[in-house]
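Going left to right, the first sequence walks through residues 1 to 113 as UniProt numbering numbers them.
We put the beta carbon where it would ideally sit given N, CA and C, even for glycine.
If you're wondering where the values come from, they're calculated on a predicted model, not measured in any experiment.
Reading through the structure tokens given below for one structure.
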Amino acid sequence: SDSRKKVCSCKKSRCLKLYCECFAAGEICSGCKCVDCANDGDHEDMRLQAVDTIKQRNNNAFAPKIVDEIQQDKGMHARGCRCKKSHCLKKYCECYQAGVQCTDKCKCEECQN
DNA sequence: GAGTTTGAAACT
DNA sequence: CAGTTTCAAACTC
Ligand SMILES: [Zn+2]
Ligand SMILES: [Zn+2]
Ligand SMILES: [Zn+2]
Ligand SMILES: [Zn+2]
Ligand SMILES: [Zn+2]
Ligand SMILES: [Zn+2]
1 SDSRKKVCSC
11 KKSRCLKLYC
21 ECFAAGEICS
31 GCKCVDCAND
41 GDHEDMRLQA
51 VDTIKQRNNN
61 AFAPKIVDEI
71 QQDKGMHARG
81 CRCKKSHCLK
91 KYCECYQAGV
101 QCTDKCKCEE
111 CQN
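Structure follows, in structure tokens:
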């Protein structure tokens with residue numbers, strides 16, 4: 001009943017890769033427009049296997065995308081965008097999307113954020 | 001709503 | 001690690 005809830009529209013990933021924002025956030029798809037969804041609560045074996053595979057590739061894949069300096073000093077890994085064309089001034093940029101400035105961790109080009 | 005752009009995620 | 005491809009959201013019209 002919260003019409004503001006974000007929904008995905010994945011067509012190829014079955015909502016089992018980080019391409020899917022629901023899966024990436026650890027949320028079950030609900031009200032989404034995805035096709036052949038396996039992130040629906042009824043395929044937990046597949047979902048847990050996918051989480052495991054992705055964690056093997058990148059152990060902090062499910063860590064928060066934006067990490068402040070305080071949490072960074074506590075050892076949390078900071079990411080950083082690699083934008084080339086958006087000048088980090090559109091939501092294509094995860095830093096801009098999160099409302100934070102780019103940092104020295106970013107490898108963006110012609111950054112205006 | 002359809003088509004394009006973008007860069008993270010995935011793959012090789 | 002670097003180069004390439006895939007993907008779905010952001011954006012444009
Ligand atoms: Zn999805
Ligand atoms: Zn979803
Ligand atoms: Zn789904
Ligand atoms: Zn950026
Ligand atoms: Zn950035
Ligand atoms: Zn930037």
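What is the DSSP secondary structure of A38, reduced to helix, strand or coil? A38 sits in coil when the DSSP states are folded into three classes, being neither helix nor strand.
Is DSSP giving L89 helix, strand or coil here? Here DSSP, grouped into helix, strand and coil, assigns L89 to coil.
Reduced DSSP category for C95 - H, G, I as helix; E, B as strand; rest coil: Collapsing the DSSP output to three states places C95 in a helix.
Which residue's Cα is closest to the Cα of K33: K65, G99, D45, C15? Of K65, G99, D45, C15, the residue nearest in Cα terms is C15.
Can you determine whether any heavy atom of ligand 2 sits closer than 7 Å to the C-beta of F93, and answer yes or no? It should be pointed out that residue 93 corresponds to Cys in this sequence rather than to Phe. Annotation for C93 indicates a beta carbon at 7 Å or more from all heavy atoms of ligand 2.
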